[in-house]
Ligand code: C5P
């Protein structure tokens, strides 16, 4: 019989990319598919948790037993995360756009034939993970993710301190490209690093959920 160690727990998960509009037809995005976050949501639901999945734009079915809230931008994701609290665990898997266009044009920006390019001014998005860690409704266990192309563990350790998360799960997107089917996850915490083997995303998710259930027990 299946064990359901997260019964009675609320797990809040973010997944996917965000889309940051430039004008009504253009946006800034990234290569996140949402697959790893959705696999974690499915694994948490299988483990008995009540799961809220705040999702950027992806082409994936909602996992069984998961409440999904669709958003487009980082600011919408921040508001949806805030509205979903409190939670026992937050797992912030989304590849949130670090920057958005400073002003969304109300109308499509036109190429006028002069050869002039429009200026694209960027401003920083709110850091949803860092804000949650500082808030008075911080979940008891906060897990961030870090997709890096180089110095993966060093960046993850720095992020752990900078954002105030309990764990940072690092993955190397140079060796395992975003949008792929497999991942090698490194769980970085104050007590060290556990490197999981290279696994399909659903198996990696199941192992991470096991670790989370152990930590809460
Ligand atoms: O700083 P960086 O984007 O590498 O941090 C990644 C971690 O922070 C992920 O857990 C991601 O979901 C979260 N994040 C966030 N809000 C942002 C940027 C990142 O929640 N604006």
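In the UniProt record's numbering, the protein residues as written are 180 to 396.
For each residue, glycine too, the CB sits at the ideal point set by N, CA and C.
Note that this is a predicted model, so its numbers are computed, not measured.
Practice prompt. Hey, could you find the ends of the beta strand (DSSP E) residue 334 is sitting in?
Written response: Start at 1 with the first residue of the chain shown, and residue 334 comes out as number 155. Premise fails: residue 334 lies in the alpha helix (DSSP H), 331 to 342, not in any beta strand (DSSP E).
Worksheet item: Straight-line CA distance for residue 298 to residue 205?
Response: Residue numbering aside, residue 298 sits at position 119 when the chain shown is read from its first letter. Residue numbering aside, residue 205 sits at position 26 when the chain shown is read from its first letter. So the alpha carbons of these two residues sit roughly 14 Å apart.
Discussion item. Looking at residue 230: is its Cβ nearer than 7 Å to the Cβ of residue 220?
Written reply: For the purposes of this step, residue 230 is identified with residue 51 of the chain shown, where counting begins at 1. For the purposes of this step, residue 220 is identified with residue 41 of the chain shown, where counting begins at 1. It is a contact, given that the beta carbons lie within the stated cut-off.
Worksheet item: Using the beta carbon as the reference atom, which residues fall closer than 5 Å to any heavy atom of ligand 1, ordered along the chain?
Response: 271, 273, 275, 304, 306, 307, 308, 323 and 324
Worksheet item: Going straight from the alpha carbon of residue 281 to that of residue 255, what length do you get?
Response: Counting from 1 along the chain shown, the entry for residue 281 is found at position 102. Counting from 1 along the chain shown, the entry for residue 255 is found at position 76. C-alpha separation (whole angstroms): 16 Å.
Discussion item. With distance defined between alpha-carbon atoms, name the residue in 207, 264 and 319 nearest to residue 394.
Written reply: Locating residue 394 in the chain shown gives position 215, counting from the first residue. Among 207, 264 and 319, the Cα nearest to that of residue 394 is on 319.
Fill in: Alpha-carbon spacing of residue 285 relative to residue 291, whole angstroms
Counted from its first residue, the chain shown places residue 285 at position 106. Counted from its first residue, the chain shown places residue 291 at position 112. Residue 285 and residue 291: Cα-Cα distance of roughly 17 Å.
Fill in: Chain-order list of residues whose beta-carbon lies under 8 Å from that of residue 278 (same chain, five-residue window excluded)
Locating residue 278 in the chain shown gives position 99, where the first residue counts as 1. 199, 207, 301, 302, 303 and 304.
Worksheet item: Do residue 388 and residue 259 come within 7 Å of each other at the CB atom, strictly closer than that value?
Response: Against the chain shown, residue 259 aligns to sequence position 80. Against the chain shown, residue 388 aligns to sequence position 209. Against a cut-off of 7 Å, the Cβ pair of residue 388 and residue 259 comes out as no contact.
Fill in: Separation of residue 226 from residue 202, as counted between CA atoms
Start at 1 with the first residue of the chain shown, and residue 202 comes out as number 23. Start at 1 with the first residue of the chain shown, and residue 226 comes out as number 47. Each residue's Cα considered, the two are about 42 Å apart.
Practice prompt. Pull up the CB-CB distance for residue 267 and residue 189, whole angstroms please, since I reckon it's below 8 Å.
Written response: Here residue 267 refers to the residue found at position 88 of the chain shown. Here residue 189 refers to the residue found at position 10 of the chain shown. Correct: roughly 5 Å between the Cβ atoms.
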